[in-house]
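Enquirer: The opening residue of the sequence shown carries number 163 in this note's numbering; numbering runs sequentially from there. Positions of the beta carbon are idealized from the N, C-alpha and C atoms, including for glycine.
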Amino acid sequence: MLIGNPPVELPEPPLTSGSLALREWAEGDVRTLVEGCGDPLTARYTSVPIPYTPEDARRFISFGRSPTALPLAVVSGDDLAQVLGGVGLHAVSLTRRRAEIGYWTAPWARGGGVAQEALELLSTWALGPLGLQRLDLYAEPENDGSQRVAERAGYKRGALVRSGIALRGRRYDVIRFTLLR
Ligand SMILES: CC(C)(COP(=O)(O)OP(=O)(O)OC[C@H]1O[C@@H](n2cnc3c(N)ncnc32)[C@H](O)[C@@H]1OP(=O)(O)O)[C@@H](O)C(=O)NCCC(=O)NCCS
163 MLIGNPPVEL
173 PEPPLTSGSL
183 ALREWAEGDV
193 RTLVEGCGDP
203 LTARYTSVPI
213 PYTPEDARRF
223 ISFGRSPTAL
233 PLAVVSGDDL
243 AQVLGGVGLH
253 AVSLTRRRAE
263 IGYWTAPWAR
273 GGGVAQEALE
283 LLSTWALGPL
293 GLQRLDLYAE
303 PENDGSQRVA
313 ERAGYKRGAL
323 VRSGIALRGR
333 RYDVIRFTLL
343 R
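1. Nearest-angstrom Cα distance between Val-245 and Gln-278?
2. Can you check DSSP and say which residues form a bridge with Arg-332?
3. By a C-beta neighbour count over all protein chains shown, 10 Å radius and 16 as the cutoff for buried, is Phe-225 buried or exposed?
4. So, helix, strand or coil for Tyr-207, using DSSP?
5. Counting beta carbon pairs with one atom in the region 266-282 and one in the region 247-255, are three or more of them shorter than 8 Å?
6. According to DSSP, is Leu-242 part of a helix, a strand, or is it coil?
7. Flag Ser-308 as yes when its Cβ comes closer than 7 Å to any non-hydrogen atom of ligand 1, and as no otherwise.
8. On the DSSP bridge assignment, give the partners of Trp-266 in chain order.
9. Looking only at DSSP bridge pairs, what is Tyr-214 linked to?
10. For Arg-259, does the three-state DSSP call read helix, strand or coil?
11. Could you check if Ala-328 is buried or exposed, using at least 16 other CB atoms within 10 Å of its CB as the buried criterion?
12. Under 8 Å between the Cβ atoms of Gln-309 and Leu-342?
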């Protein structure tokens with residue numbers, strides 16, 4: 163059914179808050195992806211492979227956008243080569259006007275509001291120019307940092323979704339956070 167559908171469009175002009183910018187992942191990001199995704203906290207709470215190899219990074223970069231996904235690098239607004247983390251839309255349905263959103267911040271950039279700013283930038287665009295009406299994100303009950311990021315970005319806490327996500331073959335309960343247009 164998705165065959166023939168174009169990939170999710172890129173924000174145009176590219177999204178930036180001044181201190182941060184969002185761009186597509188590029189070949190030069192392999193090393194920082196390996197370092198960022200190899201971090202135990204990122205590995206625990208996201209679906210990245212463990213261990214995370216340069217080959218995993220190359221595959222992720224070459225896969226890029228799709229009709230249902232828009233993965234973006236969060237980079238410094240002053241230096242677009244400096245990766246601070248990742249943010250992305252998943253399970254995008256332009257017909258149902260909804261998507262899921264996820265994020266991680268590289269260990270060297272944590273504690274400075276990077277995830278919140280990136281989440282706000284992408285959410286505002288997705289619920290605006292992209293035309294979506296609903297964004298959901300899922301955080302595990304013990305992932306306090308992620309829950310604070312979600313609520314500070316305006317997401318409303320919803321239900322506990324039992325066995326709501328599968329990470330590397332194991333299912334975890336998650337809290338759903340939602341932002342409506
Ligand atoms: C959750 C996460 C995205 C927060 O990113 P961030 O850019 O540091 O976000 P913020 O700077 O806005 O900080 C948010 C919270 O992270 C925690 N935090 C702050 N500094 C931190 C540090 N050095 N290391 C780890 N966590 C830290 C704090 O709890 C903070 O909340 P507070 O400011 O109310 O105390 C990041 O810790 C991460 O990448 N975790 C692993 C991946 C993940 O959990 N993704 C979300 C899946 S739902």
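Expert: A quick look at the data gives this:
1. 16 Å
2. According to DSSP, which records beta bridges pairwise, Arg-332 is partnered with Leu-329.
3. That one is exposed.
4. helix
5. yes
6. coil
7. yes
8. Note: Trp-266 sits in a beta bridge opposite Gly-248.
9. The partner list for Tyr-214 (beta bridge, DSSP) is empty, contrary to what the question assumes.
10. coil
11. Label assigned to Ala-328: exposed.
12. In this structure, Gln-309 keeps its C-beta atom at 8 Å or more from the C-beta atom of Leu-342.
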